[in-house]
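In the order they appear, the protein sequences are chains A and B.
Taking this note's numbering, the leading residue of the first sequence gets 1, the next gets one more, and so forth.
Taking this note's numbering, the leading residue of the second sequence gets 1001, the next gets one more, and so forth.
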Amino acid sequence: MPKPSLAGRLPSWTRYLWWNTDHKVIGLQYIVTTFIFFLLGGLMAMLIRAELLRPGFDLMNGAEYDRLFTNHGSVMLFLWIIPVLAGFGNYLIPLMIGARDMAFPRLNALSFWLIPPAGLLMLASFFVGGAEAGWTAYVPLSIRGPDGQTLWAISVVILGMSSILGAINFVTTVFTMRAEGMTIWRLPLFVWGILATSLLVLTATPVLAAGLILVAMDRLFGTLFFSVAAGGDPVLWQNIFWFYSHPAVYIMVLPAMGIISEVIPVFARKPLFGYKPIAMSSMAISVLGLTVWAHHMFTSGMDPRLRIPYMISSMVIAVPTGVKFFSWLATMWDGKLRINTPMLFAMGFMSLFVIGGITGIFLASIPIDLHVHDSYFVVAHLHYVLFGGSVSAVYAGLYYWFPKITGRMYDERLGIVHFVLNFLGTSLAYLPQFEAGLLGMPRRVADYADQFTTLNALSSVGAFLLGISTLPFLYNAIVSWATGPKAAANPWRALTLEWTTSSPPPAENFEDIPVVSSGPYDFGQTPAVSPAATPAGGS
Amino acid sequence: MSEHMTSHAEAYRSGRALGLQPLKLGMWLFLASEVMFFGGLISAFLHYKVNNPSTEGALLDVPLVGVNTFVLLTSSFTVVLGLSAIRQGDRRGLVRFLAATVLLGVAFLGGQAYEFVSLYGHGVTLNGSLFGSTFFTLTGFHGLHVLIGLIWALSTLYGALRGRYAADRYEGVEVFGLYWHFVDVVWIVLFTIIYLV
Chain A
1 MPKPSLAGRL PSWTRYLWWN TDHKVIGLQY IVTTFIFFLL GGLMAMLIRA
51 ELLRPGFDLM NGAEYDRLFT NHGSVMLFLW IIPVLAGFGN YLIPLMIGAR
101 DMAFPRLNAL SFWLIPPAGL LMLASFFVGG AEAGWTAYVP LSIRGPDGQT
151 LWAISVVILG MSSILGAINF VTTVFTMRAE GMTIWRLPLF VWGILATSLL
201 VLTATPVLAA GLILVAMDRL FGTLFFSVAA GGDPVLWQNI FWFYSHPAVY
251 IMVLPAMGII SEVIPVFARK PLFGYKPIAM SSMAISVLGL TVWAHHMFTS
301 GMDPRLRIPY MISSMVIAVP TGVKFFSWLA TMWDGKLRIN TPMLFAMGFM
351 SLFVIGGITG IFLASIPIDL HVHDSYFVVA HLHYVLFGGS VSAVYAGLYY
401 WFPKITGRMY DERLGIVHFV LNFLGTSLAY LPQFEAGLLG MPRRVADYAD
451 QFTTLNALSS VGAFLLGIST LPFLYNAIVS WATGPKAAAN PWRALTLEWT
501 TSSPPPAENF EDIPVVSSGP YDFGQTPAVS PAATPAGGS
Chain B
1001 MSEHMTSHAE AYRSGRALGL QPLKLGMWLF LASEVMFFGG LISAFLHYKV
1051 NNPSTEGALL DVPLVGVNTF VLLTSSFTVV LGLSAIRQGD RRGLVRFLAA
1101 TVLLGVAFLG GQAYEFVSLY GHGVTLNGSL FGSTFFTLTG FHGLHVLIGL
1151 IWALSTLYGA LRGRYAADRY EGVEVFGLYW HFVDVVWIVL FTIIYLV
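So, in structure tokens, the structure goes:
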């Protein structure tokens, strides 16, 4: 059980409400806070889908609808997916590499504490006119919009700073704090995922911050960066924005893929197929990911000759992604599969993400993109990648590490119910959107032509199903956390280091820092004991 | 608890097998992100300089800024001298050179303020033209970084006066120096693309 807090008199859970430098406390602060934002963003999605249930303006006017989808997108990306994965990183990285904490614990606490005020700032924008320019904040919309747009921009800059500080901490921790024997090629693949993501955060996020500062200055101080009348160029914003926001997709997916790489070998009881290729494919995706941004701008009046290289580089990303997929499949092949909830979500991730990934190839192809640009096809693609992909992986991770984090087991039946509802809801919500998009339904419009009614009604029902699917999860998480059966140190018989310490881990993680003598997924190759063959003693 | 702290310290040290010091690595990573931040601002500046050339560039006072550039370069040199002083255990040398760095940094900012005021006198303003917007934003953000560096320099100077650094303990000076040199290097790039090209 957690030790008494610093104050001694306060109950130990209150440390989660205040400044704390323990990476496990911070990790949990991240996960719980961002989950609350996830629920808020989900509520906005429910409202959007309620409006779209039938054609016409049923519940709101156009501007209100714009505010809703702008904040839905921004909350989900900047306050949920990106920081929740950083939360997993915070909780797990020191445990996985055999360290007692992160390299810079106070900086780590600061990274977290930037998030709640930034989140409140973003939500506060609702009350001063609201950000209406979409999460892409295209100029001149984002220059002309009401004051909420300024708060929105400042909020995203603060969240970017939080990400950058987190990335600095992750990379430094992995390179300087590993336990003896934890070589680069023994790092768990989740750690590789966080490393690759951190690389992208360090290169791409500052550029978004620079761009948002230019937008904010245009709004606040009357600078003319994006004023067409003064010779400013709106496409400059698109270049800056997508230079960040395409890599941002990989920021949101690489750690998620890392979670999948942890779950699959453990539940297939087999050594991971292709450890090094998976690790290197993460790095390849992050490097390639920096070269593809203009495929979002095929219709923005760019030089047609420039389209070809961007199309090719975008499609090449399918190669390292395929390396991961086939490696996971080969890991499961002939494995002794245990179908627990984490594995269900991992397989759900694979089947949903592959649809998102392949439609990404469609969109990278110039002729198709010209046809379906700004249509619901893009909306469906994005949600397959980020909801079917990243969110499934986050759920897989939440179930997988639930016993480690809380010290208790979750209810398996409720987990399965959650998975089934979630999988059906995702498919029902987003599959019809592909067809609506191909038939020409534009995105970001509250009203639509009658012929799209059936597809939209199906999509809305799917979205409500997704909303409902959250309830068994919440019930399961809260009740199991309070009263679930006590979890063993290593209930899944996994080989990564976080399972060698008690559940939940003690302060400073390990009684003795482990010495690592085998790889993280060497199932069947070493005796089925912990990888910490010998304690470090006092060397 | 203290046992834990001891073994923590040991693990910490054993983790440095690559010869990386966490604080320095962290600083380098931060500076990498700063390079990208300025990269964003610089690309906006260059985009307009190339595609929307302005005659206002002729109003820039290149000799004045050339002197200012020399001042900033000298301030980087004094940081190096301060670091080499404390490496030899010369605490008073460190204090002297840090004080010189602060003075040179203030002189640079003073020169920049003078330049800004005289440009405003010529009608080049932040919101008056595209050139003004890009120029003041880019050089202004650099100036802001110099200002932050100055505050950091003062805090390092305070630490030096309190005897925080010694011949075997100077990482704080080193990390401050990394930042200060970075700000200097950025200025060399800015001076080149804004004033010389």
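C-beta atoms are modelled at their ideal positions from N, C-alpha and C, and glycine is treated no differently.
Notebook entry, point to check: chain A beta carbons: is any one of them nearer than 8 Å to that of T1137/B?
Noted result: For the purposes of this step, residue 1137/B is taken as residue 137 along the second sequence, with counting starting at 1. Yes, T1137/B lies at the interface with chain A (some Cβ there is under 8 Å from its Cβ).
Check: If the cut is a Cβ gap below 8 Å, which residues of chain A does S1129/B touch?
Finding: Translated into the one-based positions of the second sequence, residue 1129/B becomes position 129. Going along chain A in sequence order, the residues near S1129/B (Cβ under 8 Å) are L224 and A230.
Next item on the list: Confirm, please, whether the CB-CB distance from Y448/A to H383/A is below 8 Å.
Entry: Here residue 383/A refers to the residue found at position 383 of the first sequence. Here residue 448/A refers to the residue found at position 448 of the first sequence. Going by C-beta atoms, H383/A is not nearer than 8 Å to Y448/A.
Check: What are the boundary residues of the alpha helix (DSSP H) that includes P304/A?
Finding: In the first sequence, the residue the question calls residue 304/A occupies position 304. Looking at the DSSP string, the run of the alpha helix (DSSP H) that includes P304/A is P304 to V316.
Next item on the list: Output the distance between the C-alpha atoms of R144/A and S227/A, rounded to the nearest integer angstrom.
Entry: Within the first sequence, numbered from 1, the residue matching residue 144/A stands at position 144. Within the first sequence, numbered from 1, the residue matching residue 227/A stands at position 227. If you take the alpha carbons of R144/A and S227/A, they lie about 10 Å apart.
Check: In or out: S308/A buried (at least 16 other Cβ within 10 Å) or exposed?
Finding: As a position in the first sequence, residue 308/A is number 308, starting the count at 1. Note on residue identity: the sequence assigns Ile, not Ser, to residue 308/A. By the 10 Å Cβ count, I308/A comes out exposed.
Item checked: Through-space distance from G415/A to M76/A, alpha-carbon basis -> Mapped onto the first sequence, residue 76/A falls at position 76. Mapped onto the first sequence, residue 415/A falls at position 415. Rounded to whole angstroms, M76/A to G415/A spans 23 Å at the Cα level.
Notebook entry, point to check: Where does S365/A sit, in a helix, a strand or coil, going by DSSP?
Noted result: As a working note, residue 365/A is residue 365 in the first sequence. Three-state result, S365/A: coil.
Notebook entry, point to check: Would a check of beta-carbon distances place I1194/B closer than 8 Å to chain A?
Noted result: Taking the first residue of the second sequence as 1, we reach residue 1194/B at position 194. No, because no Cβ of chain A sits closer than 8 Å to the Cβ of I1194/B.
Checklist line | Beta-carbon proximity check, F464/A vs M177/A, cutoff 8 Å | finding: Walking along the first sequence from the start, residue 464/A turns up at place 464. Walking along the first sequence from the start, residue 177/A turns up at place 177. Cβ distance not < 8 Å, so F464/A and M177/A don't count as in contact.
Next item on the list: Please list, in chain order, all residues of the same chain as K276/A whose beta carbon is under 8 Å from its beta carbon, the five residues on each side excluded.
Entry: The sequence position of residue 276/A within the first sequence is 276, counting from 1. For K276/A, the CB contacts under 8 Å within the same chain, skipping 5 residues up- and downstream, are W185 in chain order.
Item checked: Limits of the unbroken alpha helix (DSSP H) element including V1102/B -> To locate residue 1102/B, count along the second sequence from 1; it is residue 102. It spans R1091 to G1121 - the alpha helix (DSSP H) in which V1102/B sits, taken as one unbroken run.
Notebook entry, point to check: What is the rounded straight-line gap between the Cα of F175/A and the Cα of I36/A?
Noted result: As a first step, residue 175/A is located in the first sequence; it is residue number 175 there, counting from the start. As a first step, residue 36/A is located in the first sequence; it is residue number 36 there, counting from the start. Approximately 32 Å, taken between the alpha carbons.
Next item on the list: Could you list which residues in chain A have their beta carbon closer than 7 Å to that of S1133/B, in chain order?
Entry: One-based indexing of the second sequence puts residue 1133/B at position 133. Chain A residues near S1133/B: T223, L224 and F225.
Item checked: Neighbouring residues, chain B, relative to G202/A (Cβ below 8 Å) -> On the first sequence, position 202 is the one that residue 202/A refers to. Here residue 202/A is Leu; the residue named in the question, Gly, does not match the sequence. Those are L1029, A1032, S1033 and M1036, listed as they occur along chain B.
Check: Exposed or buried, which one is Y65/A when buried takes at least 16 other CB atoms within 10 Å?
Finding: What you label residue 65/A is simply residue 65 of the first sequence in a count that begins at 1. Flag for Y65/A reads buried.
Next item on the list: Determine the chain A residues that contact L1020/B at a beta-carbon separation under 7 Å, and present them in chain order.
Entry: Locating residue 1020/B in the second sequence gives position 20, counting from the first residue. Near L1020/B (Cβ distances below 7 Å), the residues of chain A are F175 and T176.
Check: If you draw a straight line from the alpha carbon of G87/A to that of G425/A, how long is it in whole angstroms?
Finding: Position 87 of the first sequence holds residue 87/A. Position 425 of the first sequence holds residue 425/A. For G87/A and G425/A, the distance between alpha carbons rounds to 26 Å.
Next item on the list: Would you please verify whether the beta carbon of H1122/B is less than 8 Å from any beta carbon of chain A?
Entry: Within the second sequence, numbered from 1, the residue matching residue 1122/B stands at position 122. Chain A, which has no Cβ nearer than 8 Å to the Cβ of H1122/B, makes this no.
Item checked: Limits of the unbroken alpha helix (DSSP H) element including V75/A -> Here residue 75/A refers to the residue found at position 75 when the first sequence is read from its first residue. Residues G62 to M76.
Check: How should H1122/B be labelled, buried or exposed, when 16 other C-beta atoms within 10 angstroms of its C-beta is the threshold for buried?
Finding: Within the second sequence, residue 1122/B is the residue found at index 122, counting from 1. Answer is exposed; the Cβ neighbour count stays below 16.
Check: What does a CB cutoff of less than 6 Å around G1177/B pick up in its chain, not counting 5 residues either side in sequence?
Finding: Against the second sequence, residue 1177/B aligns to sequence position 177. If we look at G1177/B and ignore the five residues flanking it on each side, its Cβ neighbours are V1079 and L1083.
Next item on the list: Would you decide whether W13/A is buried or exposed? Buried here means 16 or more other CB atoms lie within 10 Å of its CB.
Entry: Against the first sequence, residue 13/A aligns to sequence position 13. So W13/A ends up on the exposed side.
Margin query: Quick check: the Cα distance between G407/A and L95/A, rounded to an integer number of angstroms?
Written below: Counted from its first residue, the first sequence places residue 407/A at position 407. Counted from its first residue, the first sequence places residue 95/A at position 95. Each residue's Cα considered, the two are about 15 Å apart.
Next item on the list: Report buried or exposed for V1186/B, applying the criterion of at least 16 other Cβ atoms within 10 angstroms of its Cβ.
Entry: Taking the second sequence and counting its residues from 1, the one referred to as residue 1186/B is at position 186. V1186/B comes out buried.
Note to self: What does the alpha-carbon distance come out to for the pair V1062/B and F353/A?
What the structure shows: Indexing the second sequence from 1 puts residue 1062/B at position 62. Indexing the first sequence from 1 puts residue 353/A at position 353. Looking at the two C-alpha atoms, the distance is approximately 56 Å.
Next item on the list: Less than 8 Å between the CB atoms is what I'm expecting for G389/A and A256/A, so what's the real figure, rounded?
Entry: Reading the first sequence from its first residue, position 389 is the one you call residue 389/A. Reading the first sequence from its first residue, position 256 is the one you call residue 256/A. Yes, G389/A and A256/A are in contact; Cβ-Cβ is about 6 Å, under 8 Å.
Check: What are the start and end residues of each continuous beta strand (DSSP E) run of 3 or more residues lying completely inside the segment 485-518 of chain A, in chain order?
Finding: 514-516
Notebook entry, point to check: Listing by chain order, which chain A residues have their CB less than 7 Å from the CB of A1044/B?
Noted result: Sequence index remark: in the second sequence, residue 1044/B carries index 44 (1-based). Chain A residues near A1044/B: L214, F225 and L236.
Item checked: Within-8 Å CB hit, H1142/B to chain A -> Looking up residue 1142/B in the second sequence gives position 142. For H1142/B, the answer is no, since every Cβ of chain A falls outside 8 Å of its Cβ.
Check: When the Cα atoms are used, what is the spatial distance from A229/A to S163/A?
Finding: Along the first sequence, one-based indexing puts residue 229/A at 229. Along the first sequence, one-based indexing puts residue 163/A at 163. Their Cα atoms are separated by approximately 35 Å.
Next item on the list: Kindly list the residues whose CB is nearer than 6 Å to the CB of M209/A, restricted to its own chain and excluding five residues on each side of it in sequence; keep chain order.
Entry: Taking the first sequence and counting its residues from 1, the one referred to as residue 209/A is at position 209. Correcting the residue identity first, residue 209/A is Ala in this sequence and not Met. Closer than 6 Å at the Cβ level, and outside the excluded window around A209/A, lie V157 and G160.
Checklist line | Identity of the residues DSSP links to R408/A by a beta bridge | finding: As a first step, residue 408/A is located in the first sequence; it is residue number 408 there, counting from the start. DSSP, once it has assigned bridges, lists K486/A as partnering R408/A.
Check: Straight-line CA distance for L59/A to S375/A?
Finding: Sequence index remark: in the first sequence, residue 59/A carries index 59 (1-based). Sequence index remark: in the first sequence, residue 375/A carries index 375 (1-based). Cα to Cα, L59/A sits roughly 22 Å from S375/A.
Next item on the list: Find the nearest neighbour of G232/A within the set V1106/B, V1124/B and S1133/B, judged by alpha-carbon distance.
Entry: Position 232 of the first sequence, counted from the start, is the residue given in the question as residue 232/A. Nearest of V1106/B, V1124/B and S1133/B to G232/A, Cα basis: S1133/B.
Item checked: Cutoff 8 Å: F104/A Cβ touching any chain B Cβ -> The residue you call residue 104/A lines up with position 104 of the first sequence. At least one chain B Cβ lies under 8 Å of F104/A.
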